[in-house]
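To start, the structure itself, in structure tokens.
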Amino acid sequence: MADSAADALTNKRALWRQRAYEAPLDTLNPAWASAFRDDGHWPFFERLRAEDPVHWTPDSSYGPFWSITRYDDIMAVDTNHQVFSSAKGIGLSPKASVLPPDARLDETAGESPSPSFIGMDPPEHDIQRKTVSPAVAPTRLHDMAPQIRERAGLILDSLPIGEPFDWVDLVSKELTTMTLATLFDFPFEERRKLTIWSDTMTTAPGHGPAETWTDRRRMLAECREYFIRLWDERVNAEPAGDLISMLTHGPQTRDCTMDEYFSNVTLLIIGGNDTTRNTISGSVFALNRYPDQYDKLRADPSLIPSMVSETIRWQTPLSHMARVATQDFEFKGKTIREGDRVVMWYVSGNRDESAIENPEAYLIDRPRPRQHLSFGYGIHRCVGNRLAELQLTIIWEEILKRFPEIRLLEEPRRSYSVFIKGYDEMKVVIPRRN
Ligand code: HEM
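Here it is, written out as structure tokens:
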């Protein structure tokens, strides 16, 4: 790996550590997109887990919020939807639907999204969730698997050998976008639009495809128009197994407004895209950082499913979800007030040494690899978790058949976001075989 980039990152991490421990505890704010970009966020959570696991940040660019940082406490909040509601936004910012979930308050004036079902409480949530879940049910996944495998093979067979390339672009984005296009039955040749729209939705202007907020609004309006066109086509056709057909024909969603429909489309675009993409990239990164684990995997490919789960824990592709308290609530000696925003930092819970043994280590043969918080818990637990695991498993089965090594060439470029924990670019080479 190129040393200068790695050295620069080490220095940045040291600065973040200093900042995390020098800040007075009572005003400590762990939500810095630049810390996540520099991989420097860890000390904030390490300190909070040890010194103040239910912590109030009185002021930040996202407004005031509670941080829940221990594994068991996150489970307690995530499973108590009566007290901790999703209906007032699930991001750090009070506005989070077609906005980047970590969009700052001053940037979001004028946008007022309708909620998708991730931003609803029962009973509406449960009804709408039921409408789309058949699209990712086990039988459907079973049917989709051969197609995912064929596409994974095509992607891998088209990669340059012996030449550097960006793994994020050529593999992670390509595979997840193809799968998403299948789920929506989206015109296949135009599938990269889905990637662009997804990135536009989850990044602040200047850090993704949109340069300005005006740009962003224009691109999302295009996306909306495109999906409304698909609605119009599908509503007049026979019901089918794709997600759009399910929304247009589902008894609980067919009468929704176009704002509501577009919010659910947005949820599925983001849910089905960045998270899995960043786990695919994360697996290459982690196996390079821990070469003994890469050796173990090559020696025993039956470890792929457990490696996949370990990567999902270790990477934690969504660093948090938030809730809003519906009433005053005593929690671990603190009083959470009605209306307070409560952030469950999955990224911290997944490193909690009181719940997970040796949590810093990446161990592909952990005894209970699916014990992690990356998919959330409770009624909003990820509906696409099995689809994500399936894609990861298939791509690694196909990789191991073809390439003994995917070599990381330099530190990857991490995303500038306190929500999407991932990689914008990852330079690798597949060594030529002699
Ligand atoms: C490694 C990949 C993935 C990760 C880490 C992930 C993570 C999450 C998390 C943390 C939640 C919220 C849980 C909560 O609030 O308690 C969630 C919900 C959701 N995810 Fe995923 N997700 C992944 C893949 C997918 C895929 C492939 C889809 C596509 C179908 C998807 C669709 C959804 C939907 C629709 C919800 C909302 C569920 C609800 O509100 O009931 N996710 N996901």
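Sequential numbering of the sequence shown, starting at 879, is according to our numbering. Positions of the beta carbon are idealized from the N, C-alpha and C atoms, including for glycine.
Test: residue i CB closer than 8 Å to a CB of chain C
i        : result
Arg-1259 : The structure shown contains no chain C, having only a single protein chain.
Length of the line joining the Cα atoms of residue i and residue j
i        : j        : result
Asp-885  : Pro-1169 : 20 Å
Lys-966  : Lys-1210 : 23 Å
Tyr-1240 : Pro-1309 : 24 Å
Arg-1248 : Gly-997  : 25 Å
Cys-1134 : Glu-1276 : 41 Å
Asn-1312 : Leu-1053 : 29 Å
Trp-1318 : Ala-1266 : No statement about residue 1318 is possible, as the shown extent of the chain runs from 879 to 1312 and does not include it.
Ala-1099 : Val-1143 : 13 Å
Gly-969  : Ser-1180 : 37 Å
Asp-1120 : Pro-1024 : 17 Å
Arg-1095 : Leu-1072 : 16 Å
Arg-1018 : Gly-1262 : 12 Å
His-1258 : Pro-1083 : 28 Å
Ile-1182 : Leu-1175 : 7 Å
Pro-942  : His-1020 : 45 Å
Thr-1316 : Glu-1235 : Limits of the chain in this structure are 879 at one end and 1312 at the other, which puts residue 1316 out of reach.
Ala-1115 : Ile-1122 : 11 Å
Glu-1289 : Leu-1165 : 13 Å
Glu-1283 : Tyr-1172 : 9 Å
Lys-1299 : Ser-912  : 12 Å
Asp-999  : Ile-1005 : 10 Å
Asn-889  : Arg-897  : 13 Å
Asp-1093 : Gly-1040 : 38 Å
Ala-883  : Gly-1086 : 22 Å
Whether residue i touches residue j by CB criterion (8 Å)
i        : j        : result
Pro-936  : Thr-947  : no
Ala-1088 : Thr-1078 : yes
Asn-1151 : Ser-1036 : no
Arg-1264 : Pro-902  : no
Val-1306 : Trp-1045 : yes
Val-1049 : Ile-1033 : yes
Trp-1274 : Ser-1161 : yes
Phe-914  : Arg-1246 : no
Arg-1244 : Pro-1237 : no
Ala-1315 : Arg-1215 : Coverage of the chain is limited to positions 879 through 1312, which leaves residue 1315 absent and any answer about it impossible.
His-1250 : Arg-1155 : no
Trp-910  : Val-1296 : yes
Tyr-940  : Pro-921  : no
DSSP three-state assignment for residue i, whether helix, strand or coil
i        : result
Asp-1044 : strand
Leu-1241 : coil
Asp-1302 : strand
Ala-987  : A caution first: Ala-987 carries a pLDDT of 46, below 50, which makes its placement in the model unreliable, though a value can still be read off. DSSP places Ala-987 in coil when its eight states are reduced to three.
Thr-935  : strand
Arg-925  : helix
Val-1049 : helix
Val-1261 : coil
Leu-1287 : coil
Ile-1148 : helix
Trp-944  : strand
Val-1162 : helix
Arg-1018 : helix
Arg-1292 : strand
Ile-1074 : helix
Glu-1116 : coil
Opposing strand residues paired with residue i [DSSP bridges]
i        : result
Met-953  : Per DSSP, none; premise fails for Met-953.
Lys-1212 : Phe-1209
Met-1199 : Met-1222
Phe-962  : Ala-1203
Val-1307 : Arg-1285
Taking 8 Å as the threshold, find out whether the segment 998-1012 comes into contact with the segment 1118-1132 through three or more Cβ pairs.
yes
**Request:** Could you tell me whether the segment 1195-1205 touches the segment 1217-1225, using the rule of 3 or more Cβ pairs below 8 Å?
**Result:** yes
Can you confirm whether the segment 1146-1164 touches the segment 1043-1059 when touching is taken to mean that 3 or more C-beta pairs between the two stretches lie within less than 8 Å? yes
- [ ] Indicate whether the contact test is met: 3 or more Cβ pairs, each with one atom in the segment 1268-1283 and one in the segment 1177-1193, closer than 8 Å.
- [x] yes
At a cut of 8 Å, does the segment 917-929 reach the segment 956-966 through at least three beta carbon pairs? no
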